[in-house]
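Take a look at the structure below.
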Ligand SMILES: Nc1ccn([C@@H]2O[C@H](COP(=O)(O)OP(=O)(O)OP(=O)(O)O)[C@@H](O)[C@H]2O)c(=O)n1
Ligand SMILES: [Mg+2]
């Protein structure tokens, strides 16, 4: 099978392949970019596999970086674009379920494709668009199936992450997982607990953002995969799945905030969950700001909303995902629109001015006064007007004495 209209990313990379070929090596586009092209999806980057050994790649191209040379990957820089060229390889025993103990470079494309995870990921494409399909990946694509290349148990034992990848691809593509592959997944799911959390998280986040996330989460639940994922156990998957049946999150911060809004976790358990998943500080801050409001949106005050203003987009999205009433969402949007200030720096008075005018001296009282002023302005008790704020500060200080 030959693709006649190649996406530009491949055309740009063609000279790299032909240079390798002219030197007597084989070179192919492999992996996600070939899969996604066949599926009519847009691609981001192209990966190249070659029979040339890393040193041979380096001697052919002027500008290279050893990005993963021990695994056979060399990056070739070409007009500002980096292309990863990985030598055909086979991997031997994975004693830690994470990384092969060592890789062996080979000259055969088939050997290389044989050790890949799924048939749809084991396609190779020549520089001219000719697709090599040694494991019936195209047929599986047509049928909408995720099938391990060869023995599923072997593939999942080599790298347990592939079980997450199976679920992730099913969420992204809406594909079913083929029966033997599914069985291996059920049997070997406990190994998921042994792999690096960061790797699991990346796949799980891709799953959550997939257009068929709900279908994939249902599979994960049924096959008890959830039991081997980080964090305290979530009891509330069914409501999360229901939500995702109707709509999907636009980014993973929203996805996590949505999940945690649907759980009954208290503050401590929620933090534990995020810590166990090794989420970034930014995600944690956003989730911690949003979840209490989503739990009780009707009770949220103007000042509550003001305090989470930095996360307003995420908040509104999670409210909508969790099925908040339109009136509730409208009320919160309205509060946001009407806020007189968006941050303390918008106040028409500063600590420095209060000191210069002799109303206050540096110290804790000054901090308290500024907080009071901010609160009063936000909730509409006073106007954000310099003289009014100064008067308010004077009266507050007098009351304290
Ligand atoms: N655990 C893994 C990870 C990757 N691969 C192989 O390496 C390719 C590239 O891996 P990666 O970029 O991680 O995934 P993609 O399939 O390219 O998916 P994405 O588009 O999300 O990058 C895969 O297609 C697959 O052939 C594999 O066999 N086993
Ligand atoms: Mg990729």
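Numbering (the numbering used here), first residue to last: -10 to 390. A virtual CB, placed ideally from N, CA and C, is assigned to each residue, including glycine. The structure displayed is predicted, hence computed values, not measured ones.
Item checked: residue 57 classed as buried or exposed, judged by whether at least 16 other C-beta atoms fall within 10 angstroms -> Exposed: under 16 other Cβ atoms inside 10 Å.
Item checked: Neighbour-count burial assignment, residue 229, 16 or more Cβ in a 10 Å radius -> Only buried fits residue 229, as 16 or more other CB atoms lie within 10 angstroms of its CB.
Check: Measuring from the CB of residue 107, is there a heavy atom of ligand 1 at a distance below 8 Å?
Finding: yes
Notebook entry, point to check: Are there three or more Cβ pairs, one per stretch, closer than 8 Å when the segment 61 to 72 is compared with the segment 155 to 164?
Noted result: no
Checklist line | Rounded separation between residue 358 and residue 71 - CA only | finding: 55 Å
Notebook entry, point to check: What's the call for residue 242, buried or exposed, on a 16-neighbour Cβ count within 10 Å?
Noted result: buried
Next item on the list: State the DSSP-derived secondary structure class of residue 108, mapped to helix, strand or coil.
Entry: Helix.
Margin query: Here's the rule: buried if 16 or more other CB atoms are within 10 angstroms of the residue's CB, otherwise exposed. What is residue 52?
Written below: exposed
Note to self: Could you give the first and the last residue of the continuous alpha helix (DSSP H) run that contains residue 357?
What the structure shows: 353 to 367
Notebook entry, point to check: Are residue 252 and residue 224 close, meaning C-beta to C-beta below 9 Å?
Noted result: yes
Margin query: By the DSSP assignment, the beta strand (DSSP E) with residue 94 in it spans what residues?
Written below: 92 to 94
Note to self: Between 364, 349 and 277, which has its C-alpha nearest residue 389's C-alpha?
What the structure shows: 349
Notebook entry, point to check: Helix, strand or coil: which one does DSSP assign to residue 115?
Noted result: coil
Checklist line | Uninterrupted beta strand (DSSP E) stretches inside the segment -10 to 56 (no shorter than 3 residues) | finding: 16 to 19 and 36 to 39
Check: Do the CB positions of residue 249 and residue 298 come within less than 9 Å of each other?
Finding: no
Next item on the list: Since I believe residue 275 is in contact with residue 300 (beta carbons under 8 Å), could you give me their beta-carbon distance rounded to a whole number of angstroms?
Entry: Contact between residue 300 and residue 275 holds: CB atoms are separated by about 5 Å, below the 8 Å threshold.
Margin query: Less than 9 Å between the C-beta atoms of residue 95 and residue 39, yes or no?
Written below: no
Margin query: At a cut-off of 8 Å, would you count residue 133 as near ligand 2, judging by its Cβ distance to the nearest heavy atom?
Written below: no
Notebook entry, point to check: From 50, 185 and 286, pick the residue whose C-alpha is nearest to that of residue 312; which is it?
Noted result: Measuring C-alpha to C-alpha distances from residue 312 to each of 50, 185 and 286 identifies 286 as the nearest.
Check: What residue does the alpha helix (DSSP H) around residue 384 start on, and which one ends it?
Finding: 375 to 389
Check: In terms of residues, what are the limits of the alpha helix (DSSP H) holding residue 71?
Finding: Where residue 71 is concerned, there is no enclosing alpha helix (DSSP H), although the beta strand (DSSP E) it sits in stretches over 70 to 76.
Notebook entry, point to check: What are the boundary residues of the beta strand (DSSP E) that residue 62 is part of?
Noted result: Annotation: the continuous beta strand (DSSP E) that includes residue 62 extends over 62 to 67.
Next item on the list: Can you tell me which of the three DSSP states residue 167 falls into?
Entry: DSSP, reduced to helix, strand and coil, places residue 167 outside both helices and strands of the structure shown, so it counts as coil.
Next item on the list: Please say whether residue 343 and residue 384 have beta carbons closer to each other than 9 Å?
Entry: no
Check: Does the pairing of the segment 170 to 182 with the segment 117 to 132 give three or more beta-carbon distances under 8 Å?
Finding: no
Next item on the list: Give me the Cα-Cα distance between residue 368 and residue 320, rounded to the nearest whole angstrom.
Entry: 15 Å
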